[in-house]
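Colleague:
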Amino acid sequence: MTRKHLFAFFLPLLLLLAFAPKLKKVTVARNVTLSIPQTFDVMPDDGIAREYPAARKPLAVYTSPDGQVDISVNQRPSTFPTNDITILLPFYKASIQRMFTEVQFLRQEKKTINGRDFLVYEFVSTVRDERKSRNMAPVRKYTYIQYTFLKDEMLIFSFNAPVQLQKEWQETAQQVMASAHVK
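Residues 1 to 183 in my numbering are what the sequence shown spells out, letter by letter.
1. Below 8 Å between beta carbons: does that hold for residue 42 and residue 34?
2. In chain order, what residues of the same chain have a beta carbon less than 7 Å from the beta carbon of residue 182, not counting five sequence neighbours either side?
3. Which term fits residue 197, buried or exposed, when burial requires 16 or more other beta carbons within 10 angstroms of its beta carbon?
4. For residue 114 and residue 136, what's the separation of their Cα atoms in angstroms?
5. Can you check whether the CB of residue 21 is closer than 8 Å to the CB of residue 37?
6. Using a Cβ distance threshold of 8 Å, determine whether the segment 62-73 contacts the segment 85-101, with at least three qualifying pairs required.
7. Would you decide whether residue 68 is buried or exposed? Buried here means 16 or more other CB atoms lie within 10 Å of its CB.
8. Count the other C-beta atoms from every protein chain shown that fall within 10 angstroms of the C-beta of residue 173, then say buried if there are 16 or more, exposed otherwise.
9. Which term fits residue 177, buried or exposed, when burial requires 16 or more other beta carbons within 10 angstroms of its beta carbon?
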């Protein structure tokens, strides 16, 4: 291969790496750490209440400077046996499918991350307004979510972005999720 060909081959790769956000390690809870993009900040409580309405506040929510991309970590009680989480894979898939009008799964697997087993789902979801009185456009999101269990608790790590930003953020989402440490 000539120099010209090598340059043409490596230039797109270098450009991709140059624009990938650098990550910083954050402590989410006493036993949970995660690496997030350096430009992300903690979402304020009013933003959490608006974006993540639930009885239990997430352990942490981080958001991009423009507020379009979020990373959240939740903790919930769990009664599921944790000795073989593979049997839970179809259960959580069905749970995800019930939350949206359509779901296109890109990944669904049990994966060991930093010595701990996780259920991992990567998907594009669509929510349509089914009411006849309104004509709102469907909302499409890219999500990378993973579940793990710690004693009688379930930890949920989630990366969410508008589907238009999927290509820009997908690799970062995978890096963020691969950095999850639960002790």
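No residue lacks a Cβ here, since even glycine has one placed at the ideal position from N, Cα and C.
Modeller: Taking the definition as stated:
1. Result no, Cβ atoms of residue 42 and residue 34 do not sit closer than 8 Å.
2. Only 31, 32, 116, 148, 150, 155 meet the Cβ criterion.
3. Because the chain in this structure spans residues 1 to 183, residue 197 falls outside the shown range and cannot be described.
4. So the alpha carbons of these two residues sit roughly 42 Å apart.
5. Yes, the pair counts as a contact, with Cβ atoms nearer than the cut-off.
6. The segment 62-73 vs the segment 85-101: no contact.
7. Classification of residue 68: exposed, given that the 10 Å Cβ count is below 16.
8. Flag for residue 173 reads buried.
9. Result: buried.
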